[in-house]
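There are 2 protein chains.
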Amino acid sequence: MSSRAATRVFQGVEEQIATGQLKDGEKLDEASLAERFHVSRTPVREALLQLVGSGLATQIPKRGCFVKAPSFREMIEMFEVMSELEGMCARLAARRISDEQLATLKAANKGCEEAIQANDSDLYYHKNVEFHECIYTACGNSFLASETRSLRRRLQSFRRLQLRVRGRMPQSFNEHDEIIESIEAGDADKADLVSRQHVMIQGERFNDLLAHMEQPQ
Amino acid sequence: MSSRAATRVFQGVEEQIATGQLKDGEKLDEASLAERFHVSRTPVREALLQLVGSGLATQIPKRGCFVKAPSFREMIEMFEVMSELEGMCARLAARRISDEQLATLKAANKGCEEAIQANDSDLYYHKNVEFHECIYTACGNSFLASETRSLRRRLQSFRRLQLRVRGRMPQSFNEHDEIIESIEAGDADKADLVSRQHVMIQGERFNDLLAHMEQPQ
DNA sequence: GTAGAAATTATCGTATACAAAAATAAGATG
DNA sequence: CATCTTATTTTTGTATACGATAATTTCTAC
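Protein chains in written order, with this note's numbering: chain A, 1 to 217; chain B, 1001 to 1217.
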């Protein structure tokens, strides 16, 4: 089906960690995974290496790999950094965005609006990613864009949960408006501030959500 | 000698990329590397995967791995992000640092001073790392600390060059004083600003250095 | 002589095999 | 019965083997 077995295993394990099927500290046994994915140990080992690289697993020499789900504290820390990066992207975008990029950004936001009117949170999720992607591109720093994207991806599975929180979708959309306005006005400081808050609010929502769901560690 | 063959290969190739023995775009042939490091292809492939993960190589499916030395533009971009992260660390440290951590920070700076008096740029390099490491720890966000450390490491080989630039060592040290003062005073905004500048100046110095050395691409 | 096609070669991705180290189980000794 | 020692088993890390795909070369046709 897919091109590389190693990639399949990587994404599969990643998914299972995100959904909680594989829990924190659980051992990632090479032989079992190989059997589960119908491949040999070689691609499994490659997948595990990549998991370790992306921080989802820990490797102890001669002992094996173990799931390393972010703790509550680490999640908050990641949101804190995400907030900073997102703010930086917006700040730079306010200074560097082109007319064309601004138009694309507005179009993406229009997509968000339509998703809200259709009350389609899954569509909103994708349109929202698109919106932020526009800002990453417009910041004119592809390294920053890539780092931010990567962190967003890492917080992704939790975000998806958040947008279903009551009333979050319209509020998120209103914040988008503020972000666009400040970027269009070239107000870097405000774009920075508003974007930071946009992320931190999500962090807080995440916090609420977790508190409702179960005990953090 | 060492524990893992894969690690040896990884560090070896990393070193050769940093020193310029392996140039941008050059192919990382599995068989040749295996022969060079007296190991089989398996650990070589693992090393290459890690190199790709840390951004030092690119992988094209069914075509192989190629050295991906950061371009001039990417270096500037990385400095821009480093500046932001370093600023964030300092800002948080100004709010969260403990008395004990502050003492350690001052001690590290004392080490820098001694290195200057001894005119030992190599020692200064290490003491400087120690100084910044204190701030990372004091920022109270271990994820941020880890990300910043990782980026520092990536810019490391170039930094090492920079500190040998004429007059940089004392200037860097003076900037440290400003950083300590603002952190001690709990002035988060100033700590942020000064730390950002501290990095950006290095970026500019790097810029100068490159301009002197050879043509950027 | 050049362009395209077929065959050959090289290299990647995966599977299997084997050696070394660690975990576990079994046995001996007090 | 507990504990230390030793044997067995499991599992990691590395080497080798094999199939598939892309690159290269050779060959043929024009």
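All C-beta atoms in this analysis are idealised placements derived from N, C-alpha and C, irrespective of residue type, glycine included.
Where A/HIS198 and A/VAL44 are concerned, what is the direct C-alpha to C-alpha distance, given to the nearest angstrom?
-> By 1-based counting over the first sequence, the position of residue 198 of chain A is 198. By 1-based counting over the first sequence, the position of residue 44 of chain A is 44. Roughly 38 Å between the two C-alpha positions.
Contained beta strand (DSSP E) runs [length at least 3] in the stretch 1024-1090 of chain B, N- to C-terminal order | Here the runs fully enclosed are 1057-1060 and 1064-1067.
Work out the CA separation of B/SER1083 and B/CYS1134 for me, nearest whole Å.
-> For the purposes of this step, residue 1134 of chain B is taken as the residue at position 134 of the second sequence. For the purposes of this step, residue 1083 of chain B is taken as the residue at position 83 of the second sequence. The alpha-carbon atoms of B/CYS1134 and B/SER1083 are separated by roughly 17 Å.
How do the stretch 1175-1185 of chain B and the stretch 1082-1101 of chain B stand: do at least 3 beta-carbon pairs fall below 8 Å, yes or no?
-> Touching, yes.
Following the continuous alpha helix (DSSP H) through A/GLY167, name the residue where it begins and the one where it ends.
-> In the first sequence, the residue the question calls residue 167 of chain A occupies position 167. Taken as a continuous stretch (DSSP letters only), A/GLY167 belongs to no alpha helix (DSSP H), as it is neither H nor E.
Could you tell me if B/GLN1215 is buried or exposed, where buried requires 16 or more neighbouring beta carbons within 10 angstroms of its beta carbon?
-> To locate residue 1215 of chain B, count along the second sequence from 1; it is residue 215. Its pLDDT being 46, under 50, B/GLN1215 is placed unreliably by the model, and the measurement read from it follows with that caveat. Classification for B/GLN1215: exposed.
Report yes or no: is there a C-beta of chain B within less than 7 Å of the C-beta of A/ASN141?
-> Within the first sequence, numbered from 1, the residue matching residue 141 of chain A stands at position 141. Chain B, which has a Cβ nearer than 7 Å to the Cβ of A/ASN141, makes this yes.
Member of A/CYS139, A/ALA138 and A/GLY55 whose CA lies at the smallest distance from the CA of A/SER150 | Looking up residue 150 of chain A in the first sequence gives position 150. Selected option, being the one with the closest Cα: A/GLY55.
B/ASN1141 and A/GLU100 closer than 7 Å at C-beta | As a position in the second sequence, residue 1141 of chain B is number 141, starting the count at 1. As a position in the first sequence, residue 100 of chain A is number 100, starting the count at 1. No, the pair does not count as a contact, with Cβ atoms beyond the cut-off.
Rounded to a whole number of angstroms, what is the C-alpha to C-alpha distance between B/GLU1175 and A/LEU102?
-> Working through the second sequence from its first residue, we reach residue 1175 of chain B at position 175. Working through the first sequence from its first residue, we reach residue 102 of chain A at position 102. Rounded to the nearest angstrom, the two C-alpha atoms are 38 Å apart.
The stretch 1060-1072 of chain B in contact with the stretch 1010-1028 of chain B per 3-pair CB rule at 8 Å | By the criterion of at least three beta-carbon pairs nearer than 8 Å, the stretch 1060-1072 of chain B is in contact with the stretch 1010-1028 of chain B.
Does DSSP put B/CYS1139 in a helix, in a strand, or in coil?
-> Counting from 1 along the second sequence, the entry for residue 1139 of chain B is found at position 139. Correct three-state label for B/CYS1139: coil.
Residue nearest to B/SER1003 in terms of C-alpha spacing, selected from A/SER32, A/GLY20 and A/ILE60 = As a position in the second sequence, residue 1003 of chain B is number 3, starting the count at 1. The residue with the shortest Cα to Cα distance from B/SER1003 is A/ILE60.
Which chain B residues are close to A/GLN223, counting only those with a beta carbon under 8 Å from its beta carbon?
-> Because chain A spans 1 through 217 in this model, residue 223 of chain A falls outside it and cannot be assessed.
Between B/GLN1016 and B/PHE1010, what straight-line distance do the alpha-carbon atoms span, to the nearest angstrom?
-> Mapped onto the second sequence, residue 1016 of chain B falls at position 16. Mapped onto the second sequence, residue 1010 of chain B falls at position 10. Each residue's alpha carbon lies about 10 Å from the other.
If you measure from the beta carbon of A/GLU84 to each beta carbon in chain B, is any gap under 7 Å?
-> Position 84 of the first sequence, counted from the start, is the residue given in the question as residue 84 of chain A. Between A/GLU84 and chain B, the shortest Cβ-Cβ separation is below 7 Å.
Kindly indicate which residue of A/MET169, A/PHE173 and A/SER98 has the alpha-carbon position closest to the one of A/TYR136.
-> Locating residue 136 of chain A in the first sequence gives position 136, counting from the first residue. Nearest Cα to A/TYR136 within the set A/MET169, A/PHE173 and A/SER98: A/SER98.
Taking the alpha carbon of B/SER1121 as the point to measure from, which residue in B/VAL1013, B/SER1172 and B/ARG1196 has its own alpha carbon closest?
-> If you number the second sequence from 1, residue 1121 of chain B lands on position 121. In terms of Cα proximity to B/SER1121, the closest of B/VAL1013, B/SER1172 and B/ARG1196 is B/SER1172.
For A/PRO216 and chain B, any beta-carbon pair shorter than 7 Å?
-> Residue 216 of chain A sits at position 216 when you count from the first residue of the first sequence. Only weak support is given to the placement of A/PRO216: the predicted model assigns it a pLDDT of 42, under 50, and the question is left unresolved by the model.
What is the DSSP secondary structure of A/ILE97, counted as helix, strand or coil?
-> Residue mapping note: residue 97 of chain A aligns to position 97 of the first sequence, counting from 1. Taken through DSSP and simplified to helix, strand or coil, A/ILE97 comes out as coil.
What residues of chain B sit near A/SER3, judged by a beta carbon separation below 8 Å?
-> Taking the first sequence and counting its residues from 1, the one referred to as residue 3 of chain A is at position 3. Correct list: PRO1061.
Test: A/ASP24 CB closer than 7 Å to a CB of chain B | Residue numbering aside, residue 24 of chain A sits at position 24 when the first sequence is read from its first letter. No, A/ASP24 lies away from the interface with chain B (no Cβ there is under 7 Å from its Cβ).
Cβ-based neighbour list, A/ILE76, same chain, cut-off 8 Å, excluding 5 preceding and 5 following | For the purposes of this step, residue 76 of chain A is taken as residue 76 along the first sequence, with counting starting at 1. The answer, listed in chain order, is GLY203 and ASN207.
Span separating the alpha-carbon of B/ASP1190 from that of B/CYS1112 | Here residue 1190 of chain B refers to the residue found at position 190 when the second sequence is read from its first residue. Here residue 1112 of chain B refers to the residue found at position 112 when the second sequence is read from its first residue. Here residue 1190 of chain B is Lys; the residue named in the question, Asp, does not match the sequence. Taking the straight line joining both Cα atoms gives about 22 Å.
7 Å Cβ cut-off: residues of chain B touching A/VAL39 = In the first sequence, the residue the question calls residue 39 of chain A occupies position 39. The premise fails here: A/VAL39 is roughly 15 Å from chain B at the closest Cβ pair, so nothing lies under 7 Å.
Closer than 7 Å by C-beta to A/MET1: which residues in its own chain qualify, once you throw out the five before and the five after it? Chain order, please.
-> Numbered from its first residue, the first sequence carries residue 1 of chain A at position 1. The pLDDT assigned to A/MET1 is 48, lower than 50, so where the model puts this residue is not dependable; a value taken from the coordinates is nonetheless given after this. Taken in chain order, the list of residues that qualify is empty.
Closer than 8 Å by C-beta to A/PHE131: which residues in its own chain qualify, once you throw out the five before and the five after it? Chain order, please.
-> What you label residue 131 of chain A is simply residue 131 of the first sequence in a count that begins at 1. Taking A/PHE131 as the centre and dropping the five residues before and after it, the same chain places the C-beta of LEU105, ALA108, ASN109, GLY111, CYS112 and HIS176 closer than 8 Å to its C-beta, in chain order.
From which residue to which residue does the alpha helix (DSSP H) around A/GLY186 run?
-> In the first sequence, counting from the first residue as 1, residue 186 of chain A sits at position 186. Unbroken run through A/GLY186: none, as it is neither H nor E.
Hey, is A/LEU144's beta-carbon within less than 7 Å of any beta-carbon in chain B?
-> By 1-based counting over the first sequence, the position of residue 144 of chain A is 144. Yes, its Cβ sits closer than 7 Å to a Cβ of chain B.
Three-state secondary structure (DSSP) of A/ASN119 | On the first sequence, residue 119 of chain A is found 119 positions in, with the first residue counted as 1. If DSSP states are grouped into helix, strand and coil, A/ASN119 belongs with coil.
Are the CB atoms of B/GLU1147 and A/PHE143 nearer to each other than 7 Å?
-> Taking the second sequence and counting its residues from 1, one reaches residue 1147 of chain B at position 147. Taking the first sequence and counting its residues from 1, one reaches residue 143 of chain A at position 143. No, Cβ-Cβ distance for B/GLU1147 and A/PHE143 is not below 7 Å.
Rounded distance between the beta-carbons of B/MET1078 and B/ARG1154, thought under 8 Å = Here residue 1154 of chain B refers to the residue found at position 154 of the second sequence. Here residue 1078 of chain B refers to the residue found at position 78 of the second sequence. Confirmed, about 7 Å.
In chain B, which residues lie with their C-beta within 9 Å of the C-beta of A/MET88?
-> Along the first sequence, read from residue 1 onward, the residue named residue 88 of chain A stands at position 88. Neighbours of A/MET88 on chain B, chain order: GLU1080, VAL1081 and GLU1084.
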